[in-house]
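Trainee: Here it is, the structure in full.
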Amino acid sequence: MANPAAEERTKEDLDREVFNAFQKHKFGQFDEAFAIYSDVLRAMPLHEGALHYMGLLAQQSGKGEDAVKLIQRSLEIKRENPDALNHLGQVYIGLDDYATAEQCFRQALVYNSNHFHAINNLANCFRHAGNLETALIHYERAKAIEPRNPICVYNLGSTLNALGRHWDAVEWLTKATQYEPGNYLAHHKLGVSFEQLGKFQDANANFLTALQYRPTYYESLAALLNSPEYEANEAQVETAQEALKLGDLSSDTRVRLEHALGKYFDKARNYDCAFEHFRNSNEVQKADAKPFDIDFFTSEFDKFIEFYTAENIKRLARYGSLDERPVFVVGLPRTGTSLTEQILSSHSAVHGAGELKFMQTIETRIERPVDQGGLGGLASESSPLTRDSIEYLCRIYLDGLNDKSPGSASRVVDKFPMNCIHLGLISILFPNAKIIHCQRNPLDVALSCYTVLFNMGNDFTNDLLYFGQYYKEYRRLMAHWAAVLPQPIFNLQYEDLVLKPDDVIKELIAFCDLSWEEECLRFDRNERAVRTPSNWQVRQKIYGSSIDRWKNYQSEFIELKEMLDNSGYSY
Numbered sequence: 023m024a025n026p027a028a029e030e031r032t033k034e035d036l037d038r039e040v041f042n043a044f045q046k047h048k049f050g051q052f053d054e055a056f057a058i059y060s061d062v063l064r065a066m067p068l069h070e071g072a073l074h075y076m077g078l079l080a081q082q083s084g085k086g087e088d089a090v091k092l093i094q095r096s097l098e099i100k101r102e103n104p105d106a107l108n109h110l111g112q113v114y115i116g117l118d119d120y121a122t123a124e125q126c127f128r129q130a131l132v133y134n135s136n137h138f139h140a141i142n143n144l145a146n147c148f149r150h151a152g153n154l155e156t157a158l159i160h161y162e163r164a165k166a167i168e169p170r171n172p173i174c175v176y177n178l179g180s181t182l183n184a185l186g187r188h189w190d191a192v193e194w195l196t197k198a199t200q201y202e203p204g205n206y207l208a209h210h211k212l213g214v215s216f217e218q219l220g221k222f223q224d225a226n227a228n229f230l231t232a233l234q235y236r237p238t239y240y241e242s243l244a245a246l247l248n249s250p251e252y253e254a255n256e257a258q259v260e261t262a263q264e265a266l267k268l269g270d271l272s273s274d275t276r277v278r279l280e281h282a283l284g285k286y287f288d289k290a291r292n293y294d295c296a297f298e299h300f301r302n303s304n305e306v307q308k309a310d311a312k313p314f315d316i317d318f319f320t321s322e323f324d325k326f327i328e329f330y331t332a333e334n335i336k337r338l339a340r341y342g343s344l345d346e347r348p349v350f351v352v353g354l355p356r357t358g359t360s361l362t363e364q365i366l367s368s369h370s371a372v373h374g375a376g377e378l379k380f381m382q383t384i385e386t387r388i389e390r391p392v393d394q395g396g397l398g399g400l401a402s403e404s405s406p407l408t409r410d411s412i413e414y415l416c417r418i419y420l421d422g423l424n425d426k427s428p429g430s431a432s433r434v435v436d437k438f439p440m441n442c443i444h445l446g447l448i449s450i451l452f453p454n455a456k457i458i459h460c461q462r463n464p465l466d467v468a469l470s471c472y473t474v475l476f477n478m479g480n481d482f483t484n485d486l487l488y489f490g491q492y493y494k495e496y497r498r499l500m501a502h503w504a505a506v507l508p509q510p511i512f513n514l515q516y517e518d519l520v521l522k523p524d525d526v527i528k529e530l531i532a533f534c535d536l537s538w539e540e541e542c543l544r545f546d547r548n549e550r551a552v553r554t555p556s557n558w559q560v561r562q563k564i565y566g567s568s569i570d571r572w573k574n575y576q577s578e579f580i581e582l583k584e585m586l587d588n589s590g591y592s593y
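Below, the structure is given as structure tokens:
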């Protein structure tokens with residue numbers, strides 16, 4: 023029999039009950055809220071508010087598909103509900119459907135253009151897609167509505183950090199810690215920004231604060247163990263070791279902790295223990311990555327060698343840009359590219375732009391099918407590089423370069439190491455560019471790659487034999503470039519730079535057609551931000567301890583050394 027009291031409840035009564043239930047909901051009283059929403063829906067199955075908040079509760083309980091159905095039913099009853107649309111977008115983010123989430127947030131803003139959460143969440147979508155500049159615009163827009171909202175201010179600072187604007191990031195992340203004391207994420211990200219600015223004591227202080235607020239935030243613990251200017255204590259090491267025994271650690275956290283312990287034991291000269299942790303870290307990365315395929319690289323390099331002949335480069339380079347600003351510092355990772363950029367950018371006429379991915383973008387555009395807006399690929403019957411396409415591709419690169427450098431710079435350094443595979447294209451687009459090829463003992467390179475965490479994975483770095491296979495193909499391609507490129511390549515041997523820095527640096531500056539400045543010898547005082555794993559080393563005076571470092575682990579290098587020896591490499 024129906025409850026007479028329930029039948030007497032008006033829509034206004036039910037609205038009031040839903041409102042009261044939502045207050046409980048917001049304060050984490052989920053069971054009580056669920057009971058009230060359910061009761062309201064028994065009385066009125068199409069109550070839009072109860073459906074909406076029941077959907078939100080489903081999302082918070084990990085039932086994303088149920089949440090979508092409930093909130094969509096709510097929107098069928100009341101379409102112009104920006105709160106429901108915002109929550110639906112959040113559900114889709116939880117389901118990793120950012121495209122649909124973006125549509126929800128945009129629709130919410132149609133009904134309320136100043137909806138703070140919809141704007142902030144829309145910015146999150148852009149950030150997830152890698153469109154950081156657009157994300158920043160929307161975070162700024164959200165901040166204008168709620169200037170002291172700690173979530174928005176944190177997102178703003180975090181995005182500025184990702185854009186390399188580290189001093190701006192420090193400003194806003196500091197505010198985030200002030201607006202929400204105890205925000206361990208803000209302290210951690212603030213530490214990362216300070217680290218990239220070379221302010222290691224400030225960085226470590228924030229990592230420690232993050233751990234005070236959240237002792238199980240192992241990313242901060244890993245950052246401390248990994249810091250070159252922090253002496254970890256035994257309790258911290260034991261905490262990291264115990265954490266690795268937990269079954270619920272994310273792969274990323276496990277990778278970082280294993281790597282950090284490897285660094286700790288390497289510094290303690292316990293090389294066997296260090297390598298065990300480095301191996302564990304790399305094995306997790308291998309398990310999460312696509313399988314390494316040397317045949318793919320062989321095929322790609324064959325394609326470049328076939329297309330970028332001396333004749334083709336000479337014929338097409340006449341359509342390239344005569345701009346003399348680009349300086350490409352290339353080579354394998356961990357061969358001294360960051361150090362080279364640091365030296366060059368100490369010159370008053372040089373701007374170090376960091377690792378720019380514009381050539382990678384251009385190469386992708388060349389290989390994309392014509393019906394998808396690309397140029398059809400190097401293997402197509404008709405050459406994708408014509409006068410018009412070359413001028414167009416030059417504009418893409420120079421527009422990006424102009425955005426990343428001041429107009430006063432007469433040289434701009436692009437130190438993306440893997441531009442080494444694009445040197446044929448670079449020679450065509452920018453025949454006046456300077457090319458600097460950084461080289462180093464491959465065994466030291468292999469160890470350094472194996473014991474460093476890269477922001478973006480290089481799939482040949484997490485296995486020493488993968489490295490050996492890739493290294494042989496890389497050497498084959500570089501030999502081709504040396505034979506066919508019309509402009510000279512400055513081969514910078516890392517060991518020479520370490521042993522006779524003054525001579526090598528003067529040759530380097532002269533190669534770039536720059537007048538000599540003594541500041542280039544004092545590059546360790548250069549306070550520019552560095553966003554690569556070398557951000558500590560490049561701020562030190564040149565030191566020799568990195569030469570032949572592989573010998574500390576030589577028992578692990580027997581197979582790789584044999585592979586390289588058989589390829590004719592002489593040390």
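My numbering applies: residue 23 is where the sequence shown begins, and numbers increase by one.
The beta carbon of each residue, even a glycine, is placed where N, CA and C say it ideally should be.
1. Could you tell me which whole alpha helix (DSSP H) segments of length 4 or greater appear in the stretch 24-62?
2. Suppose you measure from the CA of tryptophan 538 to the CA of proline 508; what does that come to, to the nearest Å?
3. Please state the DSSP three-state secondary structure of leucine 268.
4. By DSSP's criteria, arginine 433 is part of a beta bridge. Which residues make up the other side?
5. Please report the distance separating the alpha-carbon of glutamate 251 from that of threonine 181.
6. For glycine 590, is the classification buried or exposed, using 16 other Cβ atoms within 10 angstroms of its Cβ as the cut-off for buried?
7. Rounded to whole angstroms, what's the CA-CA distance from asparagine 557 to arginine 498? Just pull it up for me.
8. Kindly indicate which residue of His74, Leu178, Ile115 has the alpha-carbon position closest to the one of leucine 613.
9. Work out the CA separation of glutamate 403 and arginine 553 for me, nearest whole Å.
10. DSSP three-state label for proline 104, please.
11. Would you report the Cα separation of arginine 38 and valine 175, rounded to the nearest angstrom?
12. Short of 7 Å in beta carbon distance, which residues of its chain neighbour leucine 207, apart from the five on each side in sequence? Order them along the chain.
13. Could you spell out the range, first to last residue, of the alpha helix (DSSP H) harbouring histidine 74?
14. In this structure, does DSSP put asparagine 513 in helix, strand or coil?
15. Quick one: what's glutamine 461 bridged to in DSSP?
16. Give the straight-line distance between the Cα atoms of alanine 72 and isoleucine 99, rounded to the nearest whole angstrom.
17. In or out: threonine 386 buried (at least 16 other Cβ within 10 Å) or exposed?
18. Compare the C-alpha of valine 392 against each of Met381, Ser405, Phe380 and name the closest.
19. Histidine 69: which of Asp53, Glu264, Arg356, Ile93 sits nearest, CA to CA?
20. In the structure shown, what three-state DSSP assignment does proline 355 receive?
21. Let me check one thing: in DSSP terms, what residues is proline 348 bridge-paired to?
22. Throw me the rounded Cβ distance for the glutamate 584 and phenylalanine 297 pair, which I believe falls under 8 Å.
23. Would you mind sorting glutamate 328 into buried or exposed? The rule is 16 or more other CB atoms within 10 Å of its CB.
24. Using the Cα positions of valine 560 and proline 355, report the straight-line distance between them to the nearest angstrom.
25. At the level of alpha carbons, what is the spacing between tyrosine 240 and alanine 254?
26. Report the partner residues of lysine 285 according to the DSSP bridge assignment.
27. Which residue wins for smallest C-alpha separation from isoleucine 564, given the options Ala309, Lys573, Cys542?
28. Terminal residues of the continuous alpha helix (DSSP H) containing tryptophan 194?
29. How big is the Cα-Cα spacing for phenylalanine 41 and lysine 48?
30. Taking 8 Å as the limit between beta carbons, can you name the residues of its chain near arginine 523, skipping five residues before and five after?
31. If you reduce the DSSP assignment to three classes, tell me which class lysine 165 lands in.
32. Cutting at 7 Å between CB atoms, please list the residues of its own chain near glutamate 54, excluding the five before and the five after it.
33. Express the C-alpha separation of aspartate 546 and alanine 227 in angstroms, rounding to a whole number.
34. Who are the Cβ neighbours of glycine 566 in its own chain at under 8 Å, not counting the five residues just before and after it?
35. Quick one: residues in its chain with C-beta nearer than 8 Å to the C-beta of asparagine 143, no 5 flanking neighbours on either side, listed in chain order?
Mentor: Working from what's here:
1. 26-30, 33-48
2. If I take the Cα positions, the gap works out to 26 Å.
3. coil
4. Val372
5. It is roughly 26 Å from the alpha-carbon of glutamate 251 to the alpha-carbon of threonine 181.
6. exposed
7. Because asparagine 557 carries a pLDDT of 48, less than 50, the predicted location of this residue cannot be relied on, and the following value inherits that uncertainty. Whole-angstrom Cα-Cα distance: 30 Å.
8. The chain is shown only over 23 to 593; residue 613 falls outside these bounds and no answer can be derived.
9. Unreliable positioning characterises arginine 553 in this predicted model, as indicated by a pLDDT of 49, which lies under 50. A coordinate reading is not provided.
10. Proline 104: helix per DSSP, three-state reduction.
11. The C-alpha of valine 175 is placed about 34 Å away from the C-alpha of arginine 38.
12. Residues of the same chain with a CB within less than 7 Å of the CB of leucine 207, apart from the 5 flanking positions on each side, are Tyr176 in chain order.
13. If you look at histidine 74, you'll find it in the alpha helix (DSSP H) that goes 70-82.
14. Note: asparagine 513 maps to strand in three-state DSSP.
15. Paired residues: Gln515.
16. Isoleucine 99 has its alpha-carbon roughly 12 Å from the corresponding atom of alanine 72.
17. In the assembly as shown, threonine 386 is an exposed residue. Its beta-carbon has fewer than 16 other beta-carbons within 10 Å.
18. Ser405
19. When Asp53, Glu264, Arg356, Ile93 are compared, the shortest CA-CA separation from histidine 69 is found for Ile93.
20. Proline 355 falls in the coil class under three-state DSSP.
21. Val434
22. 18 Å between Cβ atoms; not a contact.
23. Around the beta-carbon of glutamate 328, fewer than 16 other beta-carbon atoms lie within 10 Å, marking it exposed.
24. Unreliable placement is indicated for valine 560, whose pLDDT of 48 sits below 50; the coordinate value is still reported in the next sentence. Cα to Cα, valine 560 sits roughly 14 Å from proline 355.
25. 14 Å
26. Note: lysine 285 sits in no beta bridge, so no partner.
27. Distances from the alpha-carbon of isoleucine 564 to those of Ala309, Lys573, Cys542 put Cys542 closest.
28. Per DSSP, the continuous alpha helix (DSSP H) segment holding tryptophan 194 begins and ends at 188-201.
29. 11 Å
30. The amino acid at residue 523 is misidentified as arginine; the sequence shows proline. Non-local C-beta neighbours of proline 523 in its own chain, meaning closer than 8 Å and more than five positions away in sequence, comprise Leu543, Ile564, ordered along the chain.
31. Under the three-state reduction of DSSP, lysine 165 is assigned to helix.
32. Lys46
33. 23 Å
34. Val520, Leu521, listed in sequence order.
35. Counting only residues of its own chain and dropping the five nearest sequence neighbours on each side, asparagine 143 has a CB closer than 8 Å to the CB of Asn108, Gly111, Gln112, Ile115, Ala123, Phe127.
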